[in-house]
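See below for the structure under consideration.
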Amino acid sequence: MARSIITAFFLAALIWSCEEIYQPELEEMENLLVVEARFVSGQPGQVVRLYRTVNFNDPYGVY
1023 MARSIITAFF LAALIWSCEE IYQPELEEME NLLVVEARFV SGQPGQVVRL YRTVNFNDPY
1083 GVY
């Protein structure tokens, strides 16, 4: 009986635990260059992709 009460207490604590809301700083950034590359030794067809960053709230950005 005591074991089931302790188990129920821990389950309730997990369900109703405190949460911290994450608020990222979405400041406007300049147009940065992003380089994404994949180089595998001994294999042909290396991949390099170049991107430009866009602001998070930019209505004209392509996501």
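With the working numbering applied, the sequence shown corresponds to residues 1023 to 1085, in that order.
C-beta atoms are modelled at their ideal positions from N, C-alpha and C, and glycine is treated no differently.
{"query": "Segment limits, beta strand (DSSP E) that includes Leu1055", "result": "1055–1060"}
{"query": "Cβ contact (3+ pairs, closer than 8 Å) linking the segment 1051–1058 and the segment 1075–1084", "result": "yes"}
{"query": "Leu1036, enclosing alpha helix (DSSP H) - first and last residue", "result": "1024–1037"}
{"query": "The ligand ATP heavy atom lying under 7 Å from the CB of Val1056", "result": "By its list of ligands, the structure shown contains no ligand whatsoever, and the ligand ATP lies outside what it can speak to."}
{"query": "Counterpart residues of Val1070 in DSSP-defined beta bridges", "result": "Ala1059"}
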